[in-house]
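Student: Have a look at this one.
Below, the structure written as structure tokens:
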């Protein structure tokens, strides 16, 4: 529908890129190029995606815990999670085939940088007795996995509304060819690694 005659044209407000994305482009890429001797901007490693995974072991007793985890993960990441299901039955853990046992979210683009910014600058400083992230949790292909023991470190989760403390794994996937390059990238982004 066109605007009424004489009315000013409506323009959408320009989207502001996430501050971590801007910092990566303006400050971190030149540092990485100097540090590793890259000749081309595209050689510098970058974060391609962030996967946040919540395994809900209590779902074997009560399926509503999966729904609670989905709601909290959606609030934390700003994206609807995918429910993960068991591939096969495991009688020792009382898991049936195709039973919902967790949820996960894959973040890319601006939403990924916004989540990383909140994780590194807001959530991780709120962890009690935090001595730094493990510097050895790289897989050798440039990816890093961080385990968080509770979801209440994120400001989006109201501690009074939490029925069950739930941990999660955050995997940061990068284009880095080596562990050293991936560690340098995450250090420049603000990952507080523990001193060896």
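In the working numbering, the protein residues as written are 31 to 226.
Cβ coordinates follow ideal geometry from the N, Cα and C atoms, glycine included.
Please read these numbers as outputs of a predicted model, since none were measured by experiment.
1) Quick one: is residue 145 buried, meaning 16 or more other Cβ sit within 10 Å of its Cβ, or exposed?
2) Please classify residue 57 as buried or exposed, where buried requires at least 16 neighbouring CB atoms within 10 angstroms.
3) DSSP state of residue 145, grouped into three classes?
4) Tell whether a beta-carbon distance below 9 Å holds between residue 105 and residue 135.
5) To which residues of the same chain is residue 48 closer than 7 Å at the C-beta, ignoring the five residues directly before and after it?
6) Taking the C-alpha atoms as reference points, what is the distance between residue 61 and residue 190?
7) Please state the DSSP three-state secondary structure of residue 160.
8) Under the assumption that residue 162 contacts residue 224 (Cβ atoms under 8 Å), give the Cβ distance between them as a whole number of angstroms.
9) Throw me the rounded Cβ distance for the residue 206 and residue 215 pair, which I believe falls under 8 Å.
10) Answer with buried or exposed for residue 83, where buried requires no fewer than 16 other C-beta atoms within 10 angstroms of its C-beta.
11) For residue 107, does the three-state DSSP call read helix, strand or coil?
12) Could you give the residue range of the beta strand (DSSP E) that holds residue 137?
13) Which full runs of the alpha helix (DSSP H) of 4+ residues lie inside the stretch 176-225, going along the chain?
14) Give the DSSP bridge partners of residue 58, in chain order.
15) For residue 5 versus residue 213, is the C-beta spacing smaller than 9 Å?
16) Taking the C-alpha atoms as reference points, what is the distance between residue 46 and residue 53?
17) What do you reckon, are the CB atoms on residue 200 and residue 178 nearer than 9 Å?
18) Out of curiosity, what's the CA-to-CA distance linking residue 151 and residue 217?
19) In whole angstroms, give me the CA-to-CA distance for residue 113 and residue 132.
20) Only counting the same chain, and skipping five residues up and downstream in sequence, which positions put a Cβ closer than 7 Å to that of residue 187?
Tutor: By the coordinates alone:
1) When all chains shown are included, residue 145 counts as buried.
2) exposed
3) Three-state result, residue 145: helix.
4) Not in contact: residue 105 and residue 135 (Cβ atoms no closer than 9 Å).
5) 140, 143, 144 and 147
6) For the pair residue 61 and residue 190, the Cα-to-Cα distance works out to about 43 Å.
7) coil
8) 3 Å
9) 6 Å
10) By the neighbour-count rule (16 or more Cβ atoms within 10 Å), residue 83 is buried.
11) Three-state result, residue 107: helix.
12) 130-137
13) 209-219
14) In the DSSP output, where bridge partners are listed per residue, residue 58 has none listed.
15) For the chain, the structure presents residues 31 to 226; residue 5 sits outside this window and is missing.
16) Computed Cα separation, rounded: 13 Å.
17) yes
18) 13 Å
19) Rounded to whole angstroms, residue 113 and residue 132 show a C-alpha spacing of 6 Å.
20) 102, 105, 106 and 181
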